[in-house]
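One structure below.
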Amino acid sequence: MTLIYTLQSLAAHPPRLSPAYKSTVKRSPTKPLIPMRHTLSELTGPVYGHETVRENDHDLTLQGKGEPLGERIIVHGHVLDEEGRGVPNTLVELWQANACGRYIHVVDQHPAPLDPNFTGAGRTQSDEQGYYRFVTIKPGAYPWGNHPNAWRPAHIHFSVFGYSFVSRLVTQMYFPGDPLFPFDPIFNSVTDEKARNRMISSFDLENTKPDWALCYRFNIV
Numbered sequence: 185m186t187l188i189y190t191l192q193s194l195a196a197h198p199p200r201l202s203p204a205y206k207s208t209v210k211r212s213p214t215k216p217l218i219p220m221r222h223t224l225s226e227l228t229g230p231v232y233g234h235e236t237v238r239e240n241d242h243d244l245t246l247q248g249k250g251e252p253l254g255e256r257i258i259v260h261g262h263v264l265d266e267e268g269r270g271v272p273n274t275l276v277e278l279w280q281a282n283a284c285g286r287y288i289h290v291v292d293q294h295p296a297p298l299d300p301n302f303t304g305a306g307r308t309q310s311d312e313q314g315y316y317r318f319v320t321i322k323p324g325a326y327p328w329g330n331h332p333n334a335w336r337p338a339h340i341h342f343s344v345f346g347y348s349f350v351s352r353l354v355t356q357m358y359f360p361g362d363p364l365f366p367f368d369p370i371f372n373s374v375t376d377e378k379a380r381n382r383m384i385s386s387f388d389l390e391n392t393k394p395d396w397a398l399c400y401r402f403n404i405v
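Every number in the working numbering is 184 more than the matching position in the sequence shown, counting from 1.
What follows is the structure, given as structure tokens:
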């Protein structure tokens, strides 16, 4: 499955004001946006972070003194341009809740256990063909207080930097068949069904590692 955010598909973007997602009421602009032309330095300036990617930053199961708890999974895919060509050497970062649905963050007071062997954050670079790969733990659903009995579907946050520092995509990857999809205002703020389904990864049996980890594919365009 492919997530596409291009100038040709702006209609697929969620509106800035989505009342069912209550945080947008405070965050969305109340006046028309003012376009500002990027300068040459913004368009060609350096992208930071590549030089600090360490060898095992893509494997979130190796960050503690022992293995984290939960279902080990592989998440992989390609970073592609609008023509379907791989985008090489792209900085791809992710962050997520642990298997119990909790983040390591002072604001997260969900009464679920923290895992001392799981930070929930990883980073990697795409290779010359635009391919990336992470090893992690499948995140759990968690309550978020937006409305009565509100739960977020299991998801992984992605950040992808383009050719310059101001070229960045932040999005979420979901898992197929989640029963919470119909009840999640964030997922459903993308009103175009085809675009919404592009945020759902596809189960990839061919690339599972037998007796070790299931695999999901998520391409980012």
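Virtual Cβ for every residue (Gly too), placed ideally from N, Cα, C. If you're wondering where the values come from, they're calculated on a predicted model, not measured in any experiment.
Per DSSP, what are the beta-bridge partners of Phe342 in this structure? Leu278, Thr355
Name the DSSP beta bridge partners of Phe318, please? Val259
Nearest-angstrom Cα separation, counted from Val354 out to Ala305: 14 Å
Alpha carbon to alpha carbon, how far is Tyr347 from Pro332? 42 Å
Return the Cβ separation of Gln247 and Phe302 in integer angstroms, given the expectation that the two are a contact with Cβ distance under 8 Å. 7 Å
On the premise that Pro360 lies in contact with Phe387, defined as a C-beta separation below 8 Å, what is that separation, rounded to the nearest angstrom? 6 Å
When Pro363, Arg336, Pro366, Ala204 are compared against Gln356, the one with the closest alpha-carbon: Arg336
Only counting the same chain, and skipping five residues up and downstream in sequence, which positions put a Cβ closer than 6 Å to that of Leu227? Ser348
Where does Ala296 sit, in a helix, a strand or coil, going by DSSP? coil
Which stretch, first to last residue, makes up the beta strand (DSSP E) that contains Arg401? 398–401
When Arg286, Pro272, Ala325 are compared against Ser310, the one with the closest alpha-carbon: Pro272
Would you check if the distance between the CB atom of Ala334 and the CB atom of Pro327 is smaller than 8 Å? yes
Quick check on the DSSP output: what are the complete alpha helix (DSSP H) runs of length 4 or more inside the region 203–253, in order along the chain? 207–211, 224–228
Using CA atoms only, rank isn't needed, just tell me which of Pro363, His262, His341 is closest to Glu312. His262
Touch test, the region 274–290 against the region 358–377, Cβ-Cβ under 8 Å, three pairs minimum: no
Measuring alpha carbon to alpha carbon, tell me which residue in Glu267, Gly254, Gly329, Glu277 is nearest Val291. Gly329
Can you check whether the CB of Val350 is closer than 8 Å to the CB of His222? yes
From Pro297, Lys322, Arg269, pick the residue whose C-alpha is nearest to that of Gly314; which is it? Arg269
Alpha-carbon to alpha-carbon, Ile321 and Leu398: 10 Å
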